[in-house]
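In my numbering, the protein residues as written are 877 to 1996.
Presented below is the structure to which this report refers.
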Amino acid sequence: MDALQVGSALQPALHLPFLPRHLYRAASSNERRLNFWRSKELCLNYIQDALLRKQWKRAAEFLTSYIESLEKDFSTEYMGPSEIIWRVGTEILCNHSPSNVREFNSFIEQMKTLGVKRYLKVCLEHAFHLLCNGRIDEAYQNLSLAESWRFGERTVTQDKEMKLIQAYRGLLDYYSWSNKKNILLEYEKDGFEDMSVEQEMHGFFRKAAVNLKEIIKIPGVWDLFVKSYVDLLEFYGDHQEAREVLTDYAYNSKFPANPNAHVYLYQFLKRHGAPKKSLISALKILHDIVPSHELMIDFNTMLQKSKKRKRRRLGLEVIFAVLDYAGWKKNVKAWSCLARQVKQIVISEKHLDWIKQEWNSRKDWWPAFHFSRYLAKSNWQENERLSYEKALVAGVLLGKGSLLGHPQCLDYGPPFQPPFHLEFCSAYENFGCCDQERDNSIAAKYHEILDYIDPRGHKLCGTYIKDILCQECSPYAAHLYDAENPRTPLRNLPGLCFDYCSEFHFNCHSAISLLTSDKHIQECCETNKTHFCNLLRLHDEDYCFPNVLRNTALNRNLGSVAEDRRGCLQLCLTEVANGLRNPVLMLHANDHTHRMFVAEQVGVIWVYLPDGSRLEEPFLDIKSIVLATPWIGDERGFLGMAFHPNYKNNGKFYIYYSYMDKKQVEKIRISELKVLTSDANKADPHSERNLLELEEPAANHNGGQLLFGVDGYLYLFIGDGGKAGDPFGQFGNAQNKSVLLGKVLRIDVDGRSPDGKPYRIPPDNPFVSDLKARPEVYAYGVRNMWRCAVDRGDPVTKKGRGRIFCGDVGQNRFEEVDIIVKGGNYGWRAKEGFECYDTKLCRNSSLDDILPIFAYGRNVGKSVTGGYVYRGCESPNLNGLYIFGDFMNGFIFLSSRLMALREDEKTNRWKKQDICIGSTKACAFPGMIRSYSKFIISFAEDEAGELYFMSTSYPSAYAPHGSLYKFVDPARRAPPGKCKYKPVTVKIKSKRIAFVPRAKTVLEFLNEPSPTNPPKRSSIPPGATPTAPSKKSKKVASSKIKASTVKPAQSNKKTLKTKAGAEHHKPKQKQQKVARVPRTTLAPSLPKRKSSQLTGAKKLPPKKAAQAKGKLGRRRKERR
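What follows is the structure, given as structure tokens:
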């Protein structure tokens, strides 16, 4: 059968040889009935298989046989074929190439005959097919015949189908009306009148309106019908009914949610000049349904013009939501709307929290989605305006704009206070990026340039040249030279405000070639002021020179610890170690080696060297003795350690751990051990000498702190024995001075007691003469002090030296921070924090109880972790700040909390501030990370006094998810060279394991490249140093040399050092690769030459020019 024939072809002579033979033999009535149903099922399977294989001809043959079987055998009982028959048949005819409309009509007519119950639905299908083939008249006739069809009693389904048929007939009447209307309008345009056409048009209107009005009363999605009906009403001036129809279609809850309904209503209201409130209401619902709709730009524009704060806030939300969708990534209008609104907010300094709220939910994916390096280049090539708008938004959101920019030097470190007076760039002698040596270098460069300018030029251009050269010393030098992001090209000249740049170019354009070695700038910009100033222009004009000096917002509290609007201190972190099993402490031996000893809860101590590497073999491994379990939050294990003050000479250190004795009794043990004489990085486990053992009544409240005070005595901090509320005895262990639990003990480890104890009691211990008290007790009434530290005192005045700060974990209401006082009673269990815990004991307690310096409730945290008073060198702003934390936040097992206390010297009260870590505003420096493991276990101090903390993402003693982090103040650092020291060399016998950071840095996060490979060639945005395409240009020293391939060599003038290089006591971690060599000499070195009469830069004779060029080339090579 080559083609599916109509009529007779639908009843073919073709038999199916592969069907069971019994289908065609004579049989009884019942057997014939059974065989029929079997053949029906098989045939349907064959049809399905043919459809799946797209064998349309084969499928048509099977379907024809199937229909034949239905007609011959059971037409009386089977009132109509399943809907699948005519659906499959339609599919076959639409795809079978020999098919045509005539065949389709024949097939459908047969379906109408067979499918009486589905007659109306088949008619609709028929009409759709005719319309798709342009046979409108036939479709209309088919719908008219269907409308007059009757069969038995009308069912609800048939009634709906009939209304749908009438609606489509009304839609065809509308099309006819529309055609007549267009003809009539053409006639009127030409000055003719045709009454017959007008009458026909009105006739079609009446028929269309009746049918369309009926269908849109039924809840459903009737976009085409509604639009047609409204068009009819509007043409005849019935605007009120048209509005009612659209309003009901959009807001009637019986109708399904339909974004088009709100679009039609908005367009109608806009056409007829409705008030803005009505327009906003329509688009508000559209925004909720389809936030990426093209009308959202109009919505945003209306909202931004509103005087209502709530609407303007919604406008920002709308435009951010639009740009969440890929279809809007390159839409200039959308980016312009966002850039305009962001700029208005930043300039007004109002509602900055709006931007923050929107950005917080997008900061993890927008940088890669919108601001990758590849997209930046692609946008610049395709649409310059789009690139500018996105750059402004990216500057604000990613930390390079007025909102998120930060002080930073060209060596990628924070600014500092110069230790000595700056003679030349004196404007920055209080705070900036130059020390005296760099200041002298800039002064020499200035005088070198002036040698090429005559005396008149000195007076006219000297100030400009000095200002431009001294921008290397500005606290915002990195922003002025575009060095905040190491991935972007560095400017040869700082960003200048357009007016200032224009004045400079007008008066001193000849000096441009003396200030920069960039040939592109030299060739194109000496005569073209606009081009030159556009190259030096910054996207955010608040930062350009000299505006940056006048901006009070940028210079307010410059150099102080940064705070956000909530008063949260903005500090940053660097990752120092990872992969640790619940790191409980980090210590230094105070032996000038600057090694760090990190202990794990399981009982293993590791040695970390000053270069950041770890020794493969541990310093001590006693995990076979230590009692530790994998239970989350188990407080037992290796808990404390302290090096003897004379460790350098005697090699003694002390440890505090939980263990199980032979009788299966849990105890804590404090022991003395020694280092091996043969290996300074290995302890001798056989040298253990037990100093003290205490039985633990419960598994919790084990204390664990050991430290030596400035008096040389060992302080031990013992928990109250565990359980809730210190239930031991009449007053609890903590208030019972005859037991050692719940106490601060002080002993002399360099002697022995007459009674045989392996330690001596200091003669000035407060309870030596109290027969009812243990002589070791130094203070009492403590619950479970977790982490204590001795204050080194102010580096200059030594004020505060010797104070011992402790965090005491509370019961269920308050956590507290205490300063330990000899003989002091800290109140537990009578008091918790400042409040009473045991009411009876509290009423009878002494008024001399030592109150905490600070206490906080469970809404802040649930388990305080004591910290340290910062007395280091690298972050001068932090001096005197007590930094501590909480193991858990106000809700159990949520992220921990970092806090700080600062003492008011006038009132002696301590003020608390939260610490926020990883802000893109503050921490966009190489090596700085944006997050940390959420459970803070302990704090630490290295030999130089720098602060660290340890935390884990899973608080189990056996889980290797702990990390060690170092605090960094991004607002101010010490002057280069001030924190230098040379660690004493230690002989290493074990293999070193290099540190591999795991945490993503802030810069890596902000500059995460797109997975798409960037194009090989691209244009460079304004203000960046363009790269010449010639081979020769590649030989010239460029500011874009990659640090991974070229190392900066020492020039004849000492360059500024990076933070890692200048401060050797910082562990040399494997920092993020920086894509540029830090630039310190931004203007070219010039040969000295005396001035003559000419104003401006002189043109040298050919011989001198060649000499100068050679000297410049040599100096550039030296700086490589």
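From the three backbone atoms N, C-alpha and C, an ideal C-beta is built for every residue, glycine too.
- Residues near residue 966 by beta carbon distance below 7 Å, same chain, minus five either side: Indexing the sequence shown from 1 puts residue 966 at position 90. Here the set comprises 1001.
- Message: In this structure, how does DSSP classify residue 1701 when only helix, strand and coil are distinguished?
- Response: Here the question's residue 1701 lines up with position 825 in the sequence shown. In the structure shown, residue 1701 sits in a strand (DSSP, three-state: E or B).
- Message: Using a Cβ-Cβ cutoff of less than 6 Å, which residues in the same chain neighbour residue 1888 once the five nearest sequence positions on both sides are dropped?
- Response: Along the sequence shown, one-based indexing puts residue 1888 at 1012. Since pLDDT at residue 1888 reaches only 37, below the 50 mark, its modelled position is unreliable, and the value read off the structure follows with that caveat. 1250.
- If you run the structure through DSSP and keep just helix, strand and coil, what is residue 1002? Against the sequence shown, residue 1002 aligns to sequence position 126. Helix, per DSSP.
- According to the neighbour-count rule (16 or more other Cβ atoms, all chains shown, within 10 Å of its Cβ), is residue 1078 buried or exposed? Here the question's residue 1078 lines up with position 202 in the sequence shown. Flag for residue 1078 reads exposed.
- With 16 other CB atoms within 10 Å as the buried threshold, where does residue 963 fall? Along the sequence shown, read from residue 1 onward, the residue named residue 963 stands at position 87. Residue 963 should be labelled exposed.
- Taking Cβ to Cβ, would you say residue 1509 is nearer than 9 Å to residue 1460? By one-based count along the sequence shown, residue 1509 stands at place 633. By one-based count along the sequence shown, residue 1460 stands at place 584. Not a contact, by the Cβ cut-off of 9 Å.
- Pairing CB atoms from the stretch 1309 to 1327 with CB atoms from the stretch 1341 to 1351, are three or more of them under 8 Å? With the cut-off at 8 Å, the stretch 1309 to 1327 and the stretch 1341 to 1351 touch.
- Item | Pairwise C-alpha distance: residue 1171 and residue 1875 | Translated into the one-based positions of the sequence shown, residue 1875 becomes position 999. Translated into the one-based positions of the sequence shown, residue 1171 becomes position 295. Taking the straight line joining both Cα atoms gives about 42 Å.
- Query: Do you know how far the Cα of residue 1159 is from the Cα of residue 927?
  - Reply: As a working mapping, residue 927 is identified with position 51 in the sequence shown. As a working mapping, residue 1159 is identified with position 283 in the sequence shown. If you draw a straight line from the Cα of residue 927 to the Cα of residue 1159, it comes to about 45 Å.
- Task: For the alpha helix (DSSP H) holding residue 1244, just list the boundary residues, first then last.
- Result: Locating residue 1244 in the sequence shown gives position 368, counting from the first residue. Counting along the chain, the alpha helix (DSSP H) containing residue 1244 begins and ends at 1242 to 1246.
- Relative to the C-alpha of residue 1155, which residue among 1126, 1130, 1133, 1132 is closest? The count along the sequence shown starts at 1 and reaches residue 1155 at position 279. Out of 1126, 1130, 1133, 1132, 1126 has the C-alpha closest to the C-alpha of residue 1155.
- Item | Alpha-carbon spacing of residue 1728 relative to residue 1456, whole angstroms | Translated into the one-based positions of the sequence shown, residue 1728 becomes position 852. Translated into the one-based positions of the sequence shown, residue 1456 becomes position 580. Between residue 1728 and residue 1456, the C-alpha separation is close to 33 Å.
- Task: Using the DSSP secondary-structure output, state which residues sit across from residue 1198 in a beta bridge.
- Result: Taking the sequence shown and counting its residues from 1, the one referred to as residue 1198 is at position 322. In the DSSP assignment, residue 1198 is bridged to no other residue.
- Message: Please list the terminal residues of the continuous alpha helix (DSSP H) segment that includes residue 1333.
- Response: On the sequence shown, position 457 is the one that residue 1333 refers to. Here the alpha helix (DSSP H) through residue 1333 covers 1331 to 1345.
- Message: Using a Cβ-Cβ distance cut-off of 9 Å, determine whether residue 1754 contacts chain D.
- Response: Of the protein chains in the structure, only one exists, and it is not chain D.
- Query: Beta-carbon separation of residue 1266 and residue 1215 under 9 Å?
  - Reply: In the sequence shown, the residue the question calls residue 1266 occupies position 390. In the sequence shown, the residue the question calls residue 1215 occupies position 339. Here residue 1266 is near residue 1215, since their CB atoms are less than 9 Å apart.
- Residue range of the unbroken beta strand (DSSP E) whose run includes residue 1870: Start at 1 with the first residue of the sequence shown, and residue 1870 comes out as number 994. Where residue 1870 is concerned, there is no enclosing beta strand (DSSP E), because DSSP gives it neither an H nor an E.
- Task: May I ask you to report which of helix, strand or coil DSSP gives residue 2028?
- Result: Missing from the structure shown is residue 2028; the chain here goes from 877 to 1996 and no further.
- Counting Cβ pairs closer than 8 Å, one from the stretch 1697 to 1717 and one from the stretch 1781 to 1790, do we hit at least three? The stretch 1697 to 1717 vs the stretch 1781 to 1790: no contact.
- Just curious, the alpha helix (DSSP H) that residue 1562 is in, first and last residue? Within the sequence shown, numbered from 1, the residue matching residue 1562 stands at position 686. DSSP places residue 1562 in no alpha helix (DSSP H) but in the uninterrupted beta strand (DSSP E) bounded by 1559 to 1571.
- Message: Please state the DSSP three-state secondary structure of residue 1251.
- Response: Taking the sequence shown and counting its residues from 1, the one referred to as residue 1251 is at position 375. Three-state result, residue 1251: helix.
- Message: Taking 9 Å as the threshold (C-beta atoms), are residue 1382 and residue 1342 in contact?
- Response: As a first step, residue 1342 is located in the sequence shown; it is residue number 466 there, counting from the start. As a first step, residue 1382 is located in the sequence shown; it is residue number 506 there, counting from the start. Between residue 1342 and residue 1382, the C-beta gap is not smaller than 9 Å, which leaves the two residues out of contact.
- Buried or exposed: residue 1869, going by 16 or more other Cβ atoms within 10 Å of its Cβ? Against the sequence shown, residue 1869 aligns to sequence position 993. So residue 1869 ends up on the exposed side.
- Any 3 or more C-beta pairs closer than 8 Å across the stretch 1230 to 1249 and the stretch 1283 to 1299: Contact fails: fewer than three Cβ-Cβ distances are below 8 Å.
- Alpha carbon of residue 1012 to alpha carbon of residue 999, nearest angstrom: Position 136 of the sequence shown, counted from the first residue, corresponds to residue 1012. Position 123 of the sequence shown, counted from the first residue, corresponds to residue 999. Put simply, the backbone Cα of residue 1012 is about 14 Å away from that of residue 999.
- Going straight from the alpha carbon of residue 1048 to that of residue 1084, what length do you get? Numbered from its first residue, the sequence shown carries residue 1048 at position 172. Numbered from its first residue, the sequence shown carries residue 1084 at position 208. Rounded to the nearest whole angstrom, the CA to CA distance from residue 1048 to residue 1084 is 8 Å.
- Have a look at the DSSP bridge pairing and note the partners of residue 1622. Here residue 1622 is taken as the residue at index 746 of the sequence shown, counted from 1. For residue 1622, which the question treats as bridged, DSSP gives the partners 1591.
- Message: Just verifying my parser: in three-state terms, what is the DSSP assignment at residue 1137?
- Response: In the sequence shown, counting from the first residue as 1, residue 1137 sits at position 261. Annotated three-state conformation of residue 1137 is helix, per DSSP.
- Item | First and last residue of the uninterrupted alpha helix (DSSP H) at residue 1502 | In the sequence shown, counting from the first residue as 1, residue 1502 sits at position 626. Element bounds for residue 1502: n/a, residue is neither H nor E.
- Quick one: residues in its chain with C-beta nearer than 7 Å to the C-beta of residue 1298, no 5 flanking neighbours on either side, listed in chain order? Sequence index remark: in the sequence shown, residue 1298 carries index 422 (1-based). Exclusion of the five residues before and after residue 1298 leaves 1304, 1305, 1310, 1312, 1315 as the residues of its chain whose Cβ lies within less than 7 Å of its Cβ.
- Task: Provide the residue(s) that pair with residue 1840 in DSSP beta bridges, ordered along the chain.
- Result: The residue you call residue 1840 lines up with position 964 of the sequence shown. The partner list for residue 1840 (beta bridge, DSSP) reads 1453, 1826.
- Beta-carbon separation (whole angstroms), residue 1811 vs residue 1866, contact threshold 8 Å: For this step, residue 1811 is matched to residue 935 along the sequence shown. For this step, residue 1866 is matched to residue 990 along the sequence shown. Incorrect: roughly 30 Å between the Cβ atoms, too far for contact.
- Item | Identity of the residues DSSP links to residue 1685 by a beta bridge | Indexing the sequence shown from 1 puts residue 1685 at position 809. Partner(s): none; residue 1685 has no beta bridge.
- Item | For residue 1757 and residue 1734, believed in contact at Cβ under 8 Å, the rounded distance | Here residue 1734 refers to the residue found at position 858 when the sequence shown is read from its first residue. Here residue 1757 refers to the residue found at position 881 when the sequence shown is read from its first residue. Rounded, the Cβ-Cβ distance is 25 Å, inconsistent with contact.
- Message: Need the endpoints of the beta strand (DSSP E) that residue 1079 sits in, please.
- Response: For the purposes of this step, residue 1079 is taken as residue 203 along the sequence shown, with counting starting at 1. Segment 1071 to 1091 is the alpha helix (DSSP H) holding residue 1079; no beta strand (DSSP E) there.
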